[in-house]
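Undergrad: Take a look at this one; I'll ask things after.
Protein chains in written order, with our numbering: chain Z, 1097 to 1428; chain U, 3 to 516.
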């Protein structure tokens, strides 16, 4: 009885054309193809696209988003959201700028910047757990709180740091490889390691897939949820240091919109919005695709306002692919 | 005698679920103005039958004739259009709306401006209730009503929608004596107005009071149908049980040791009342009782899932009373839940992760040694003969039986001392069933303590050493499994043992004491 059932499903799925199966089952493969095609088209229209300078530019541009998206990968797989990361980055960048201008040691300032984000993100987790409210709602509310604090301490005035942090953004390893992107890669590896090789990683998947079953298997859902937010805070904190270094100045609105782009990248990378599944390679390709599209549109001199439209359509496209995928694979 | 119009007949309905035949060639009919009662053990097929009637399940074979028209199957929409109303135990009313609003939900009366005409609705609601001699203020919020009033409100709602067939599933299980009386009165009243009523209850006393006809279901088959005053309670109980010996599993006898687990005075308000028992090493302690008798609630308390009002747990004389599943697991207690999909598996994670999860949690390490994990899981997959293509495949691509074996494997890996099984073979095919029994016997041989809830009587009798019977949250009896029969067990479930008096009364006293 069992056996016949299994062979049935096997027959059913293997009757699909294998190339299509490959594409539908591996979102990363599809993403890679899309990145490739877009690059070819852009390179054809504007040969400057393939110049080394431009390619490294793309990598540099996606570094900050990459760190935020790596953090969002943890949260979304575990069934959580933090949409206050944009304003968190704004707050952290403003605090760092003010401290730098007061003459504090740069390294110390960086640590404080990361800590600010860790505290904010952890607080989101604690509130969500304490009031048994979806983290989406809590972080929506906290967006205003963090942004408001940033406005209050800067009085809305731009905080220039006069090139103090610049070395991070301007350093090229071995004379060509952007340090920013290297840090971003470390972020991805960190998340990959957690998801694949640690106890916490297993809990991220378990809680995201079935919190009730996780509870009955002896996993403390509240404590671990807070821990996930803590990890997210570290990555967001690093992103805030990088963004300040790139911009050389901070505003309360610095980083605004990053949260949605990060969630978009994670979804494009194949993590279902309901959680429980996914990996960081998908997120990386999602981020890369966003960077490539943005750069291509610049290269082809498309009105920058249309970039937002492109991002939106891209997310719809990605969701459509996963929906088709689940209908095909989930129909067993 | 007035002429009777047949409004419903189900002809030769068959319905299969993976591993079981829920309904086997069942025929059932209903006349206008008739109260036709349906009785049977847990899992006899009552719920499946009413689900087919309400459009929630599609029959594999057979015909549904409603008001002279024949259907192969019904959709929920059709069932509503045909005025079939099903009233479940778990009341589906909107708590935050008033009584009147609930009656008119979806068919609201509007005034000239298109606004809901609350006053008119309340007036009409009042009229309906006056006619039926019911006193509920139509302006009250439903959340302020008692369980009995909610049941009555559901009836009124169905009546207002001009239901022609009313299906009631255990409507009195949470009601007291007076309330039950009032409800039965109302049901009779509705039948007198020409509504056909299908009434399901395991309180046989009630059934004998109001049924015009009674049909007994067993293992998905109709055993008998009696007309009023043609049957006795004795007869009904005999019909509900009695199976071929082939359905009984021959469990190997295992040496039983000293008392291992002691359950003392477990209580939770309204659900579990002061339950104590002990389980010896190598023993399977069965827990029987009708659905809703508090069995699952009891084991959830023991495992630390829900907050208890009182109770202590001892293992080998040491107090280990857990306050959370985590603590329970740390102390060597594990629970295999009934609701595999909802609270057992992680459906879109691999078999490997599903099985290794608790084992990994028990280690104090932050990291997972993947090769070691793979080896451990591989071994237990072989030992339990779980059929799969790869341990990396999603667990929800396995059959029910293999999923259940994987979950068992998860807990076997933890080296627990106490295993609590809640319906271990539900939705499992026969082959896997037998293998699960073998695993349980093995656990006995290793001198583990086992508690097993089962609604499958042959399983309960053949696997258990002793059977604790729950009724209305109380542990009413502990029976030696080797000296009992299905019939005797069912009598205890229903409260018809020793005396001919209604078991209803026993239940009642304790309900009142809440």
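Even glycine gets a Cβ: it sits at the ideal position worked out from N, Cα and C.
(1) Taking Cβ to Cβ, would you say residue 1350 of chain Z is nearer than 8 Å to residue 1179 of chain Z?
(2) I'd like to know if residue 411 of chain U contacts chain Z, where contact means its C-beta is closer than 8 Å to some C-beta of that chain.
(3) Indicate whether residue 265 of chain U and residue 256 of chain U have their beta-carbon atoms separated by less than 8 Å.
(4) Using a Cβ cut-off of 7 Å, pull out every chain Z residue sitting near residue 345 of chain U, in sequence order please.
(5) Taking the alpha-carbon positions, what's the residue 1193 of chain Z to residue 1377 of chain Z distance?
(6) In the DSSP assignment, what residue or residues form a beta bridge with residue 289 of chain U?
(7) Closest Cβ-Cβ distance between residue 191 of chain U and chain Z: below 8 Å?
(8) Would residue 1097 of chain Z count as contacting chain U if we go by Cβ distances under 8 Å?
(9) I'd like to know whether the C-beta atoms of residue 166 of chain U and residue 199 of chain U end up nearer to each other than 8 Å.
(10) What is the DSSP secondary structure of residue 205 of chain U, reduced to helix, strand or coil?
(11) So residue 1061 of chain Z contacts chain U; which residues on that side make the cut at Cβ distance below 7 Å?
(12) Just confirm the distance between the C-beta atoms of residue 1301 of chain Z and residue 1173 of chain Z, as a whole number of angstroms; I'd bet it's less than 8 Å.
(13) Check residue 96 of chain U in the structure and name its three-state DSSP category.
(14) Of the residues Z/1388, Z/1274, Z/1259, which one's Cα is nearest the Cα of residue 1138 of chain Z?
(15) Of all the CB atoms in chain Z, is at least one closer than 8 Å to the CB of residue 348 of chain U?
(16) I'd like to know if residue 217 of chain U contacts chain Z, where contact means its C-beta is closer than 8 Å to some C-beta of that chain.
(17) Using 8 Å for Cβ pairs, my map puts residue 1398 of chain Z next to residue 1379 of chain Z. What's the rounded Cβ distance?
(18) Taking C-beta to C-beta, are residue 47 of chain U and residue 222 of chain U nearer than 8 Å?
(19) Would residue 1217 of chain Z and residue 1287 of chain Z be called neighbours here (beta carbons separated by less than 8 Å)?
(20) Report all residues from its chain with a CB closer than 8 Å to the CB of residue 1339 of chain Z; omit the five preceding and five following residues, and keep chain order.
(21) Is it true that the CB of residue 445 of chain U sits closer than 8 Å to the CB of residue 421 of chain U?
(22) Could you tell me which of U/315, U/348, U/320, U/269 sits nearest to residue 309 of chain U, measuring between CA atoms?
(23) Name the DSSP bridge partner or partners of residue 1443 of chain Z?
(24) Pick helix, strand or coil for residue 65 of chain U, following the three-state DSSP scheme.
(25) Below 8 Å on the Cβ atoms is my contact criterion, and I expect residue 1202 of chain Z with residue 1208 of chain Z to pass it. Report the Cβ-Cβ distance as a whole number of Å.
(26) Taking only runs of the alpha helix (DSSP H) that begin and end inside the stretch 143–184 of chain U, which ones reach a length of at least 4 residues, in chain order?
(27) Could you check if residue 30 of chain U is buried or exposed, using at least 16 other CB atoms within 10 Å of its CB as the buried criterion?
(28) Give the straight-line distance between the Cα atoms of residue 17 of chain U and residue 219 of chain U, rounded to the nearest whole angstrom.
(29) Buried or exposed: which applies to residue 368 of chain U, given that a residue is buried once 16 or more other Cβ atoms fall within 10 Å of its Cβ?
(30) Can you pull the chain U neighbours of residue 1294 of chain Z, defined as C-beta to C-beta under 8 Å?
(31) Rounded to a whole number of angstroms, what is the C-alpha to C-alpha distance between residue 1105 of chain Z and residue 465 of chain U?
(32) What distance in whole Å lies between the Cβ atoms of residue 230 of chain U and residue 214 of chain U, which are believed to be in contact at a cut-off of 8 Å?
(33) Would residue 427 of chain U and residue 467 of chain U be called neighbours here (beta carbons separated by less than 8 Å)?
(34) Report back the beta-carbon spacing between residue 296 of chain U and residue 469 of chain U to the nearest angstrom; my notes put them in contact at under 8 Å.
(35) Along the stretch 331–345 of chain U, where does the CB come closer than 8 Å to a CB of chain Z? Name the residues.
(36) Tell me which residue opens and which closes the beta strand (DSSP E) that residue 268 of chain U is part of.
TA: To lay it out plainly:
(1) The residue labelled residue 1350 of chain Z in the question sits at position 254 within the first chain. The residue labelled residue 1179 of chain Z in the question sits at position 83 within the first chain. In this structure, residue 1179 of chain Z does not lie closer than 8 Å to residue 1350 of chain Z by Cβ.
(2) Within the second chain, residue 411 of chain U is the residue found at index 409, counting from 1. Not an interface residue.
(3) Your numbering for residue 265 of chain U matches position 263 in the second chain. Your numbering for residue 256 of chain U matches position 254 in the second chain. It is not a contact, given that the beta carbons lie outside the stated cut-off.
(4) Locating residue 345 of chain U in the second chain gives position 343, counting from the first residue. The contacting residues are 1308, 1309, 1312.
(5) Stepping through the first chain from its first residue, residue 1193 of chain Z is reached at position 97. Stepping through the first chain from its first residue, residue 1377 of chain Z is reached at position 281. If you take the alpha carbons of residue 1193 of chain Z and residue 1377 of chain Z, they lie about 33 Å apart.
(6) In the second chain, residue 289 of chain U corresponds to position 287, counting from 1. Note: residue 289 of chain U sits in a beta bridge opposite U/455, U/470.
(7) Reading the second chain from its first residue, position 189 is the one you call residue 191 of chain U. Judged by the 8 Å Cβ criterion, residue 191 of chain U is not in contact with chain Z.
(8) Numbered from its first residue, the first chain carries residue 1097 of chain Z at position 1. Unreliable placement is indicated for residue 1097 of chain Z, whose pLDDT of 39 sits below 50; the coordinate value is still reported in the next sentence. Closer than 8 Å: yes.
(9) Taking the first residue of the second chain as 1, we reach residue 166 of chain U at position 164. Taking the first residue of the second chain as 1, we reach residue 199 of chain U at position 197. Not a contact, by the Cβ cut-off of 8 Å.
(10) Looking up residue 205 of chain U in the second chain gives position 203. DSSP places residue 205 of chain U in coil when its eight states are reduced to three.
(11) What is shown of chain Z runs 1097 to 1428, which leaves residue 1061 of chain Z out entirely.
(12) Here the question's residue 1301 of chain Z lines up with position 205 in the first chain. Here the question's residue 1173 of chain Z lines up with position 77 in the first chain. So it is a contact: roughly 6 Å between Cβ atoms.
(13) If you number the second chain from 1, residue 96 of chain U lands on position 94. Note: residue 96 of chain U maps to coil in three-state DSSP.
(14) Position 42 of the first chain holds residue 1138 of chain Z. If we check each option's Cα against that of residue 1138 of chain Z, Z/1388 comes out closest.
(15) Your numbering for residue 348 of chain U matches position 346 in the second chain. True, the Cβ-Cβ gap to chain Z drops below 8 Å.
(16) Numbered from 1 along the second chain, position 215 holds the residue referred to as residue 217 of chain U. Closer than 8 Å: no.
(17) Locating residue 1398 of chain Z in the first chain gives position 302, where the first residue counts as 1. Locating residue 1379 of chain Z in the first chain gives position 283, where the first residue counts as 1. Actually they are not in contact, since the Cβ atoms of residue 1398 of chain Z and residue 1379 of chain Z sit about 26 Å apart, beyond 8 Å.
(18) By one-based count along the second chain, residue 47 of chain U stands at place 45. By one-based count along the second chain, residue 222 of chain U stands at place 220. Cβ distance < 8 Å, so residue 47 of chain U and residue 222 of chain U count as in contact.
(19) Position 121 of the first chain holds residue 1217 of chain Z. Position 191 of the first chain holds residue 1287 of chain Z. Not a contact, by the Cβ cut-off of 8 Å.
(20) Within the first chain, residue 1339 of chain Z is the residue found at index 243, counting from 1. Correct list, in chain order: 1160, 1185, 1189, 1350, 1351.
(21) Taking the first residue of the second chain as position 1, residue 421 of chain U is located at position 419. Taking the first residue of the second chain as position 1, residue 445 of chain U is located at position 443. Yes. Within cutoff.
(22) Residue mapping note: residue 309 of chain U aligns to position 307 of the second chain, counting from 1. The residue with the shortest Cα to Cα distance from residue 309 of chain U is U/269.
(23) Since the displayed chain Z opens at 1097 and closes at 1428, residue 1443 of chain Z lies outside it and no answer follows.
(24) Along the second chain, read from residue 1 onward, the residue named residue 65 of chain U stands at position 63. The answer is strand: DSSP assigns residue 65 of chain U an E or B state.
(25) Position 106 of the first chain, counting from 1, holds the residue named residue 1202 of chain Z. Position 112 of the first chain, counting from 1, holds the residue named residue 1208 of chain Z. Their Cβ separation, rounded to whole angstroms, is 11 Å, which puts residue 1202 of chain Z and residue 1208 of chain Z out of contact at 8 Å.
(26) Secondary structure remark: continuous alpha helix (DSSP H) runs of at least 4 residues inside the stretch 143–184 of chain U, in chain order: 149–162.
(27) The residue you call residue 30 of chain U lines up with position 28 of the second chain. Looking at its Cβ environment, which holds 16 or more other Cβ atoms inside 10 Å, residue 30 of chain U is buried.
(28) Taking the first residue of the second chain as position 1, residue 17 of chain U is located at position 15. Taking the first residue of the second chain as position 1, residue 219 of chain U is located at position 217. Straight-line Cα distance between these residues: approximately 14 Å.
(29) Against the second chain, residue 368 of chain U aligns to sequence position 366. Exposed, by the Cβ-count rule.
(30) Walking along the first chain from the start, residue 1294 of chain Z turns up at place 198. Result: 368, 369, 370.
(31) Within the first chain, residue 1105 of chain Z is the residue found at index 9, counting from 1. Within the second chain, residue 465 of chain U is the residue found at index 463, counting from 1. Its pLDDT being 40, under 50, residue 1105 of chain Z is placed unreliably by the model, and nothing is read from it.
(32) Looking up residue 214 of chain U in the second chain gives position 212. Looking up residue 230 of chain U in the second chain gives position 228. The pair is a contact, with the Cβ atoms about 5 Å apart (cut-off 8 Å).
(33) Counted from its first residue, the second chain places residue 427 of chain U at position 425. Counted from its first residue, the second chain places residue 467 of chain U at position 465. Not in contact: residue 427 of chain U and residue 467 of chain U (Cβ atoms no closer than 8 Å).
(34) Taking the first residue of the second chain as position 1, residue 296 of chain U is located at position 294. Taking the first residue of the second chain as position 1, residue 469 of chain U is located at position 467. Their Cβ separation, rounded to whole angstroms, is 15 Å, which puts residue 296 of chain U and residue 469 of chain U out of contact at 8 Å.
(35) 331, 332, 337, 339, 344, 345
(36) As a working mapping, residue 268 of chain U is identified with position 266 in the second chain. Note, residue 268 of chain U: beta strand (DSSP E), 261–270.
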